[in-house]
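For the record, the sequence lines run as chains B and A. Just so you know, we're using the numbering used here here: the first sequence kicks off at 1 and counts up by one. Just so you know, we're using the numbering used here here: the second sequence kicks off at 1001 and counts up by one. A quick write-up on the structure given underneath.
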Amino acid sequence: MDAVARRRLLMLGPLGVAAVGSGVFWALLLRMRQGTYDPHALQSMLVGKHLPDFTLPGQAPSAGFSNADVNSGPLPALVNFFASWCIPCVEETAALMSLRQKGVTIWGIAYKDRPLAASGFLTRYGDPYHRVARDADGRTAINFGLYGVPETYVVDRSGIVRLRYAGGLSSDSVNHMILPLLRKLA
Amino acid sequence: MIPELGHFALALAVAIAAAQAVLPIVGARARDARLMGAAPALAVGQMIALIAAYGCLIWSAVVNDFSVYDVAMNSSSHEPLFYRITGTWGNHDGSILLWCLVLAVCGGAVALFGRNLPSALRARVIGVLGIVSAGFLLFTLTASNPFQRMWPPPIQGAAINPLLQDPGLAIHPPILYTGYVGFSIPFAFAVAALLEGRVDATWGRWVRPWTLAAWCFLTCGIALGSWWAYYELGWGGFWFWDPVENASLLPWLTGTALLHCAIVVEKRETLKTWTVLLAIATFSLSLCGTFMVRSGILNSVHSFAEAPTQGVFILVLLAITIGGSLALFAFRAPAMAATGVFAPISREGALVLNNVLLCAICAVVFTGTTYPLFAALLHMELSVGAPYFHLTVVPLLVPLFAAMSVGPVLSWKRADLLPALLRLWWAAAIAALIGIAAEFGLHRSFAAAGFAGAAWLILGAFAEVIERIRLFRIPLANSWARLQAQPLGVWGAAVAHAGMGVTVAGIAGMSLAMSTIVAMTPGQTIGFGGYRWHVLDIRKVPGPDYTARVVDLQIMRDGRQVAVVHPSLRTFTQQKQTVTDTSIQTNLLRDLYIAPGGEQGGKMVLRLHVNPLAAFVWLGALVMALGGALSLIDRRLRVGAPARRGVVGVPA
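Set out below in structure tokens:
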């Protein structure tokens, strides 16, 4: 290769770098649109692992439950942290009720909530839960690595957490994420 | 009505920009004087249309026209007038319109100040700016129109993000954008030169003032952003290697390199291809910095978190602008041959070293910033943090700083290193003494090395001036006369280099910062960092659109009161968002920095920092920009040069 040809090739370098860069951005944008890539998503250490050990008292009239109960109950299932004092929790009740109507098992954990306030919340906005337990001091939440309420975990048939969703569920996220995942896991 | 006028002005700007993109370039190719002569008029016309459009947007915000979606989402009648105005660029759509406005002002500036450019070059430069304008204006008009109406209009707007309600941040976007977009002018010159197939000394002479002006604004913009993060976000640091911060640093690095190698083109007519490539790269990185952040691909505290729907449009625009110019470069640049030759040890050689190191830092930061994206593509989840950047950037900074003082005392073409170094012996000796003293006094090697480096940079910066006036080698009176005869450009370079030294001193000082977290009740006193911190009271204070929990904190040293500060937690009633209002008590040599963290059972959690030399970090940046400004008003640069004062006059 002579000097001129080498020089020509060298000058093509920057264009090549730009082309690779735009290819990557293009692919990521596509994935963002499909919902398979979310740069703002919170990764959970729990994903791919079993639920942490816990045994929690019930939120009357429901009986309490433990991680063993979740694993031996109907699977796949959802574990949902909520609190009566949290606004997004109120907003997500509709989405949770629709999941319940589709026969999805949801285990509820009332996070740092007074029993009366929690039961008032359930009567006012509906009770989508299979069982409701109380995590009064928030220790189980720490073991889950809870970022805030509400938060939802999807547990597959072998008891492994497949998804952590931080924030309130909407009909959009239920239809595009939770239900397709549950169908895949069933 | 007013928003519709703004909408119309925006549409008009698109039409003018389209004409500006086509006519002058065709005219320059056909050597048609009339078509080329239309270029300045079109550029000024586009500028006026966009000033009108932006004026309409500001007007809508000022009169609280909540039927305009953008105003309804980002403004409210409870806000002070100042924030209603600045709120227009505190959101996605408005900020893109501001971006286009600055670009149009750049085009207008070339048209107005570039009267003595050759008409073909001026036509091409304005035409290239028109191409860029047309694309982004079309995007604004179709995909992110700030004049969109909403029906029914809400009674009250949603108000600006409280974090942005801050004078520093309010003026940050216009300054940063002027810096980013200012690099469109060197870019346009580069593409025009590629179209013409000619780069010569006069070209370098025209490009340099524009580059310098943009560089000054970008320097101030970055410093302002970093300062805001320091006092408003309440994290206590000044640089977090956040993707958005890095995105602004990348064009600054290549822009600094461009600034230096434009000198080589001007003085020695060599490094031409490289200069053209740097001009393209700098504006490309500016574009990526502005728009990749907006597309939401990069995860950052600063981003507007936009939906990716607009992302594809932007990506296509970027691909056309960047890819097009680089393709032209690949096609035309091989024909451009260097004329000047120089030895490795020479002023040119030092500037090449500067370029190599700056670009290496740029590459390292770029890799660290985008690597998580590449990893995400391969379904790996990772983030690149400060340790990576410190480990990779610092080793490159050391030779850069070492060379920064040596380069200016070398002569052009060919120089001897040893005599040059001997001229700097006093700077090296003082720097070494300071370093040794700091090491023995502080027992912190990083800080000691930093202080030595800062001294080396500041002293070395003025070595060239001292050399030029032949201080102590000729009678002092003669030296004084020579000093007065020195062109401002020499002072500019010295001041800018010294500014870097000031910043380095600040960074070294910040590496000695101490911090602690305490929970305190009224009446309580603790000792920390050589001070006594005494909480006088914790009280509730209502604000215009927030309520605040204010801590009255007395800071004592050796039994004497240093200051009483009032940091607070502001809860904005409408947005239900709590913002930390940190208190910083500074005497320039150290900052006492107090950030309240929240209340727990009657106790206020406070983060206390003692930050030595913190103010120097931003002061240094200001000094750098001042050096650039000094250089800009140098008469030598103005002779035959289009820019008198660069892009000053951008509406803030």
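Glycine is no exception: its CB is placed at the ideal position from the N, C-alpha and C atoms.
Determine, using beta carbons only, whether residue i and residue j come nearer to each other than 8 angstroms.
i	j	result
Ala1223(A)	Phe1183(A)	no
Met1510(A)	Leu1613(A)	yes
Leu96(B)	Asn80(B)	yes
Leu46(B)	Gly145(B)	yes
Val20(B)	Leu1377(A)	no
Ala1454(A)	Val1504(A)	yes
Ala1448(A)	Ala1438(A)	yes
Ala1134(A)	Ala1017(A)	yes
Trp1456(A)	Phe1401(A)	yes
Cys1261(A)	Asn1355(A)	yes
Met1556(A)	Arg1532(A)	yes
Check residue i in the structure and name its three-state DSSP category.
i	result
Phe54(B)	coil
Ala1013(A)	helix
Thr1571(A)	strand
Tyr1388(A)	helix
Glu1232(A)	coil
Gln1156(A)	coil
Met1336(A)	coil
Asp1552(A)	strand
Ala1188(A)	helix
Thr1521(A)	coil
Glu1599(A)	strand
Phe1084(A)	The identity of residue 1084(A) in the sequence shown is Arg, whereas the question assumes Phe. Residue state, collapsed to three classes: helix.
Ala166(B)	strand
Trp1274(A)	helix
Arg1607(A)	strand
Ile1280(A)	helix
Tyr1531(A)	strand
Thr1594(A)	With the sequence shown as reference, residue 1594(A) is identified as Ile, and Thr is not the correct amino acid for it. Strand.
Leu78(B)	strand
Gln1310(A)	helix
Pro1344(A)	coil
May I have the straight-line CA-CA distance separating residue i from residue j, to the nearest angstrom?
i	j	result
Cys1056(A)	Pro1003(A)	6 angstroms
Val1181(A)	Phe1283(A)	7 angstroms
Val1518(A)	Leu1626(A)	40 angstroms
Arg100(B)	Ala94(B)	10 angstroms
Val1610(A)	Gln1585(A)	10 angstroms
Ala1305(A)	Phe1291(A)	Here the model assigns Ala1305(A) a pLDDT of 45, short of 50, so the residue's position is not dependable and the matter cannot be decided.
Ile1507(A)	Phe1446(A)	10 angstroms
Met1604(A)	Gly148(B)	22 angstroms
Val1191(A)	Val1125(A)	8 angstroms
Gly1501(A)	Leu1397(A)	12 angstroms
Glu1599(A)	Val1102(A)	44 angstroms
Gly159(B)	Ala118(B)	27 angstroms
Phe1331(A)	Ala1021(A)	21 angstroms
Ala1463(A)	Leu1373(A)	45 angstroms
Ala136(B)	Pro115(B)	9 angstroms
Gln1577(A)	Pro1162(A)	7 angstroms
Ala1104(A)	Val1207(A)	18 angstroms
Lys49(B)	Ser170(B)	26 angstroms
Asp172(B)	Leu182(B)	15 angstroms
Check the DSSP bridge columns for residue i and list the partner residues they point to.
i	result
Ala133(B)	Gly58(B), Ile109(B)
Thr1580(A)	Leu1569(A)
Arg1560(A)	Arg1557(A)
Lys1540(A)	Arg1549(A)
Asp172(B)	Note: Asp172(B) sits in no beta bridge, so no partner.
Gln1660(A)	The shown model of chain A, from 1001 to 1652, leaves out residue 1660(A), and the question about it has no answer.
At 8 angstroms on the CB atoms, spell out the chain E contacts of residue i, in chain order.
i	result
Ala83(B)	This model lacks chain E altogether; the protein chains it does include are B and A.
| said: Check whether the segment 1216-1231 of chain A and the segment 1615-1624 of chain A touch, using three or more Cβ-Cβ pairs below 8 angstroms as the test. | reply: Of all C-beta pairs linking the segment 1216-1231 of chain A to the segment 1615-1624 of chain A, three or more are shorter than 8 angstroms, placing the two stretches in contact.
| request: Could you tell me whether the segment 1328-1337 of chain A touches the segment 1275-1292 of chain A, where touching means 3 or more Cβ pairs closer than 8 angstroms? | output: Yes: at least three Cβ pairs fall under 8 angstroms.
| Does the count of Cβ pairs from the segment 1059-1067 of chain A and the segment 1154-1165 of chain A closer than 8 angstroms reach three? | Taking 8 angstroms as the limit for Cβ pairs, the verdict is that the segment 1154-1165 of chain A does touch the segment 1059-1067 of chain A.
| Contact the segment 1074-1082 of chain A vs the segment 1031-1041 of chain A: 3+ CB pairs below 8 angstroms | They do not touch, by the three-pair rule.
| query | Can at least three beta-carbon pairs, one atom from the segment 1003-1013 of chain A and one from the segment 1038-1052 of chain A, be found at a separation below 8 angstroms? | reply | The segment 1003-1013 of chain A is in contact with the segment 1038-1052 of chain A.
| query | Is the segment 1243-1253 of chain A touching the segment 1163-1173 of chain A in the sense that three or more CB pairs, one from each, lie closer than 8 angstroms? | reply | Short answer: they don't touch.
| message | Assess contact between the segment 1411-1423 of chain A and the segment 1343-1355 of chain A, defined as three or more Cβ pairs (one per stretch) separated by less than 8 angstroms. Is contact present? | response | Taking a cut-off of 8 angstroms for Cβ pairs, the segment 1411-1423 of chain A and the segment 1343-1355 of chain A touch, as three or more such pairs fall below it.
| message | Is it the case that the segment 1541-1553 of chain A contacts the segment 1565-1581 of chain A, given that we only count it when at least three CB pairs across the two stretches are under 8 angstroms? | response | With contact defined as three or more Cβ pairs closer than 8 angstroms, the segment 1565-1581 of chain A and the segment 1541-1553 of chain A are in contact.
| field | contact_flag[the segment 1420-1427 of chain A, the segment 1468-1479 of chain A] where n(CB pairs < 8 angstroms) is 3 or more | value | The segment 1420-1427 of chain A vs the segment 1468-1479 of chain A: no contact.
| said: Counting beta carbon pairs with one atom in the segment 1196-1216 of chain A and one in the segment 1139-1147 of chain A, are three or more of them shorter than 8 angstroms? | reply: In the pairwise beta carbon analysis, the segment 1139-1147 of chain A is classified as not touching the segment 1196-1216 of chain A: fewer than three pairs are separated by under 8 angstroms.
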